[in-house]
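Q:
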Amino acid sequence: MSVLAVAEHRRGELRDVSLELITAGRELAAGLDERLHVAVIGGDVERFAAELNREGVDTVYTVDYDDTFNHSVYIQALSQLDDTLDPSVVVVPHTSNGLDVAPALSVRLDRPLVTDAVALDVEDGLRVTREMYGSKVETAIGVESERAVVTVRPTEWDPAAETSNVTVTAFDATIDEDAIRSSVTGYKEAATGDVDITNADVLVSVGRGIDDEENLPLIFDLAEALDATVSASRPIIDNGWLPPNRQVGQSGKVVSPDVYIAIGISGAVQHVAGMKDADTIIAINTDPNAPIFDIADYGIVDDLFEVVPELIEQFE
Amino acid sequence: MKVLVTIKQVAEATDEFELSGGDIDESYLSYDLNEWDNYALEEAVAFAEEEDDVEVVTVTVGPERSEETIRMALAKGADRAIRVWDEAIAEREWLDAETKAELLAAVAREEDPDLVFTGVQASDDGFGATGVALAEKIGFEWAAVVNSLAIDREADGAHVHRELEGGVEELVDVELPAVFTVQTGINEPRYASMRGIRRAQGQPLEVRDMADIGLSAADLDSPLRRLSARKPESEGDATFFEGSHDETAGELAGVLRERGVGE
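Chain order of the listed sequences is E and S.
Read left to right, the first sequence gives residues 810 to 1125 (the working numbering).
Read left to right, the second sequence gives residues 11 to 273 (the working numbering).
(1) Tell me the rounded alpha-carbon separation between S:Gly253 and E:Pro1053.
(2) Quick one: using the 10 Å Cβ neighbour count with 16 as the cut-off for buried, is E:Ala911 buried or exposed?
(3) Report the rounded CA-to-CA distance for E:Glu998 versus S:Gly177, giving the unit in angstroms.
(4) Taking only beta-carbon positions, decide if S:Leu262 is within less than 8 Å of chain E.
(5) Taking E:Gly907 as the reference, give the member of E:Arg917, E:Val916, E:Thr924, E:Leu918 with the closest Cα.
(6) At 9 Å on the CB atoms, spell out the chain S contacts of E:Lys1062, in chain order.
(7) So E:Thr948 and S:Ala239 are in contact, right, with Cβ under 8 Å, and what is the actual spacing, rounded?
(8) Let me know the secondary structure DSSP gives S:Asn157 once reduced to three states.
(9) Does any C-beta atom of chain S lie closer than 8 Å to the C-beta of E:Ile1046?
(10) Which residues in the same chain as E:Thr978 place their Cβ atom closer than 6 Å to its Cβ, once the five residues preceding and following it in sequence are excluded?
(11) For S:Trp46, which of helix, strand or coil comes out of DSSP?
(12) Under the three-state reduction of DSSP, which class applies to E:Met756: helix, strand or coil?
(13) Below 8 Å, can you find three or more Cβ-Cβ pairs linking the segment 1086-1099 of chain E to the segment 1024-1038 of chain E?
(14) Under 8 Å: do the segment 17-24 of chain S and the segment 71-78 of chain S share three or more Cβ pairs, one atom per stretch?
(15) So within the segment 908-976 of chain E, which uninterrupted beta strand (DSSP E) runs reach at least 3 residues, ignoring any that extend past its ends?
(16) If we cut at 8 Å on Cβ distances, does E:Met941 have a partner in chain S?
(17) Among the residues of its own chain, which have a CB less than 7 Å from the CB of E:Val1004, if the five just before and after it don't count?
(18) Could you list which residues in chain B have their beta carbon closer than 7 Å to that of E:Val1110, in chain order?
(19) Helix, strand or coil: how does DSSP classify E:Ile1046 here?
(20) Note down, in chain order, all residues in the segment 948-970 of chain E with a beta-carbon under 7 Å from any beta-carbon belonging to chain S.
(21) I'd like to know if E:Arg990 contacts chain S, where contact means its C-beta is closer than 8 Å to some C-beta of that chain.
(22) Roughly how many angstroms separate the alpha carbons of S:Val67 and E:Glu829, rounded to a whole number?
(23) When you compare the segment 77-94 of chain S with the segment 214-228 of chain S, are there three or more beta-carbon pairs, one atom per stretch, that lie closer than 8 Å?
(24) Rounded to the nearest angstrom, how far is the Cβ of E:Val975 from that of E:Ala926, given a contact under 8 Å?
(25) Is it true that the segment 225-244 of chain S meets the segment 941-956 of chain E, where meeting means three or more beta-carbon pairs spaced less than 8 Å apart?
(26) Exposed or buried, which one is S:Pro274 when buried takes at least 16 other CB atoms within 10 Å?
(27) Among the residues of its own chain, which have a CB less than 7 Å from the CB of S:Phe127, if the five just before and after it don't count?
(28) Measure the CB-CB distance between E:Thr972 and E:Asn862 and report whether it falls below 8 Å.
(29) With distance defined between alpha-carbon atoms, name the residue in S:Gly138, S:Ser158, S:Gly270, S:Glu22 nearest to S:Asp42.
(30) Buried or exposed: which applies to S:Lys147, given that a residue is buried once 16 or more other Cβ atoms fall within 10 Å of its Cβ?
(31) Measure the beta-carbon distance from E:His903 to E:Pro963 and round it to whole angstroms, keeping in mind my assumption that it falls under 8 Å.
(32) When the distance is taken between beta carbons, is E:Ile1091 closer than 8 Å to E:Val1057?
(33) Who does E:Tyr874 pair with in a DSSP beta bridge?
(34) If the criterion is Cβ atoms closer than 8 Å, does the pair E:Ala982 and E:Val900 meet it?
(35) By the criterion of Cβ-Cβ separation under 7 Å, what are the contact partners of E:Lys997 in chain S?
(36) If you draw a straight line from the C-alpha of S:Asp62 to the C-alpha of S:Pro199, how long is it?
What follows is the structure, encoded as structure tokens:
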């Protein structure tokens, strides 16, 4: 048996999460006393395989196919690899494409699926730690099966760095074209608009706590007083209160300003992924347990509608 | 044409809470329609309004308390609602995504929809897997994390955008029938009108047990166990400012000025 990690790439680039997957995968493999293999499907697989040449990987299996992502191709190729390798655990990134593949793969392979792992342990059978209720609770899931599919959360494991001398094997998968019932026709980048939040030194960032679109001028007033730029977390964009070019997070922009002031933002993992590298993080939130305080340098547990007007006054 | 929308009544925890067993103690939980499903429902209802022959059917796996949520979906414009529940399900401590997909698949086989809309994930357990697992079980094509959706009935297909990381969208053509897992922000979900709420009060809710949908308690068996739960330890080392509003704001202003902000 072995552990099989499924690498992810997009538009010709191997994604960082693939190297994190190797770290998670080799932890599992070491615990299970098994080998770690990596599958990379489609695109310039030889170049990807070279980039996946990392300590702890036994073999990289390459499947030559189109560069564009298609879940059916992935599932067909992985099913055939599964027949050959019979891996114990198949690890997939918990990304948009991972979510497009892993659930169907687990059904096809008749394996249990646990998603969004933040920690893995095999001492007493496979145990997966994952979060619930928007990071308020950590749950341990026990897998009473020798085989499983697990998706792992990006940036929870460090990317594997040390290169090695892995074997690269071209795997000859038979892809049934008739089973492919969707196709990628192109890509669209989020509009940049007139504001580039990635260039700002100081960001005043607003979240769900603002309650109403009518309260947004308060945030813009603060930004003006501080000579800062306004950014936002996802709910503000979803509500259409601010345009997508203002969104900080996994599906928006990654920012690293000198100062990031999070106002009424709980700090969901997807948001934190976009701002954790800011030099100084300041958080104002009514919930003392909000995860934003875990990464903040300075915090005020209070009502933003009380604190922000006072703060504006300090700079007038 | 028929659109099946999966609806989950999710649990939300108060800021302060206690754990009991493998979960948050029930007294700290309140229940509401899953945010993602609200967008999926809106997508279905808006589509039905554009076309004149589209039926929207919601399906929920949940206990009696979820009827409040289901009525809200009816009030927003769904035509029919199905709730799956029985004692065998109630006895399980939880249902993993695959098991839930099995139940939903049984309903889908009976209802024979052309389209299935689900939310990308549920806000409580956040598995993000039910929709795509369902698609595989019923032999539908699918697309996950959809933030733009246009059904092309003439072509028997759909043009969708999938939200990838980093503000990139992937444009995909999908053959029907298909399952789409819908991302927040795809539309502007409506509020139920008073008229809709009154109408929904009179609509029948179809409750099905395992036998009704051709399954048995054994179909609920899963190799996954929820072993334990804990509050994550705070890894933070933030300095907290305490006191009156002007005191905390004053201290924060000091920190900002030290960094040259607002000077």
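Think of the CB as a built atom: it goes at the ideal place given N, C-alpha and C, for glycine as much as any other residue.
A: Straight from the coordinates:
(1) 36 Å
(2) buried
(3) A straight-line Cα-Cα distance of about 6 Å links E:Glu998 and S:Gly177.
(4) Cβ-Cβ to chain E under 8 Å: yes for S:Leu262.
(5) E:Thr924
(6) Gly176, Gly177
(7) 5 Å
(8) strand
(9) Yes, E:Ile1046 counts as interfacial toward chain S.
(10) Thr868, Tyr870
(11) Reduced to three states, the DSSP call for S:Trp46 is helix.
(12) Because chain E in this structure spans residues 810 to 1125, residue 756 of chain E falls outside the shown range and cannot be described.
(13) no
(14) yes
(15) 922-926, 928-930, 935-941, 946-952, 957-961
(16) yes
(17) Thr1038, Asn1054, Arg1055
(18) The chain labelled as chain B is not found among the protein chains of the depicted structure, namely E and S.
(19) helix
(20) From the segment 948-970 of chain E, only Thr948, Ala949, Ile950, Gly951, Val952, Glu953, Ser954 have a Cβ closer than 7 Å to chain S.
(21) Chain S, which has a Cβ nearer than 8 Å to the Cβ of E:Arg990, makes this yes.
(22) 41 Å
(23) yes
(24) Between E:Ala926 and E:Val975 the Cβ distance is about 24 Å, and since that is not below 8 Å, they are no contact.
(25) Three or more pairs of CB atoms, one per stretch, sit closer than 8 Å, so the segment 225-244 of chain S contacts the segment 941-956 of chain E.
(26) Missing from the structure shown is residue 274 of chain S; chain S here goes from 11 to 273 and no further.
(27) Val13, Val15, Ala50, Glu53, Ala54, Phe190, Val192
(28) Yes, these two residues count as a Cβ contact at 8 Å.
(29) S:Glu22
(30) Around the Cβ of S:Lys147, a 10 Å sphere holds 16 or more other Cβ atoms; the residue is buried.
(31) 7 Å
(32) no
(33) DSSP, once it has assigned bridges, lists no residue as partnering E:Tyr874.
(34) Against a cut-off of 8 Å, the Cβ pair of E:Val900 and E:Ala982 comes out as no contact.
(35) His171, Glu179, Leu181
(36) Each residue's alpha carbon lies about 20 Å from the other.
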